[in-house]
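Participant: In full-length UniProt numbering, the protein residues as written are 1 to 172.
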Amino acid sequence: MNSRITTLSRCSGFLVSTTLTLAALFSWSIPATVAQSMRNQESIIAQRIARLQQSEKRWIEVDLSEQKLIAWEGSNKIYTLTVSTGKSATPTITGTFTVQSKHVSGRMRGPDYNVPYVPYIMYFSGGYAIHGAYWHNRFGTPVSHGCVNLRVSEAEKVFQWAAVGTPVIVRR
Numbered sequence: 001m002n003s004r005i006t007t008l009s010r011c012s013g014f015l016v017s018t019t020l021t022l023a024a025l026f027s028w029s030i031p032a033t034v035a036q037s038m039r040n041q042e043s044i045i046a047q048r049i050a051r052l053q054q055s056e057k058r059w060i061e062v063d064l065s066e067q068k069l070i071a072w073e074g075s076n077k078i079y080t081l082t083v084s085t086g087k088s089a090t091p092t093i094t095g096t097f098t099v100q101s102k103h104v105s106g107r108m109r110g111p112d113y114n115v116p117y118v119p120y121i122m123y124f125s126g127g128y129a130i131h132g133a134y135w136h137n138r139f140g141t142p143v144s145h146g147c148v149n150l151r152v153s154e155a156e157k158v159f160q161w162a163a164v165g166t167p168v169i170v171r172r
């Protein structure tokens, strides 16, 4: 019986030391890689914003930290609107995109939602879109499943103003 306990203790010690060694090795490389990737994306976003501000082009900026959508023409602000973006469990993606398609109305579905007649949808990356939201009034707070929600009247203004191909910059 004692030999089994000694063997188990040695095995447990081996597992603990192996786990600690692996944790120490990866604690340096994984966060550094993630941090570098985030810095690269932030740099790309900053460069894209600088180029767009030097142009006359229409473009959309979504500031996740401020919960704002800003419609720009070059360096001139056209609209500054309060939005509701993705909650922490379903965050809004960051990066540089373009409006891929526009739909006056449509149904949006996911694992825990099924919303008919979503107004003024502008998809910018896969299922991520800027659109009107009639089902809540918590703008300024992240509550969505990753989309950028606007009040319906404001979504209509942005929908009419932007065209397919309009750049969309989503940043923290």
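Virtual Cβ for every residue (Gly too), placed ideally from N, Cα, C. Model, not experiment: these values are computed from the prediction.
In angstroms, rounded to a whole number, what distance separates the CA positions of Glu-156 and Pro-119?
Facilitator: Rounded to whole angstroms, Glu-156 to Pro-119 spans 8 Å at the Cα level.
Participant: Given the structure, does Tyr-113 come close to the ligand PLP, in the sense that its CB is under 7 Å from one of the ligand's heavy atoms?
Facilitator: With respect to small molecules bound, the structure shown includes none, and the ligand PLP cannot be examined in it.
Participant: Inspect the CB distances between the segment 70-87 and the segment 95-107 and report whether three or more fall short of 8 Å.
Facilitator: No, they do not touch.
Participant: Run through the UniProt domain "L,D-TPase catalytic" (58-171) for me and flag every whole beta strand (DSSP E) of 3 or more residues, listed as ranges in chain order.
Facilitator: Correct list: 58-63, 68-73, 76-82, 95-98, 101-110, 113-125, 128-132, 148-150 and 167-171.
Participant: So, at 6 Å on beta carbons, what are the nonlocal neighbours of Leu-69 in its own chain, with the 5 sequence-adjacent residues on each side left out?
Facilitator: Result list for Leu-69: Val-62, Leu-81 and Val-83, in chain order.
Participant: Among Ile-60, Ala-163 and Thr-85, which residue has its Cα nearest to the Cα of Gly-74?
Facilitator: Among Ile-60, Ala-163 and Thr-85, the Cα nearest to that of Gly-74 is on Ile-60.
Participant: From Gly-127 to His-136, what does the alpha carbon distance come to, in whole angstroms?
Facilitator: Each residue's alpha carbon lies about 20 Å from the other.
Participant: Which residues in the same chain have their Cβ closer than 8 Å to the Cβ of Val-143, if we skip the five residues on either side of it in sequence?
Facilitator: Result list for Val-143: Ser-84, Lys-87, His-136 and Asn-149, in chain order.
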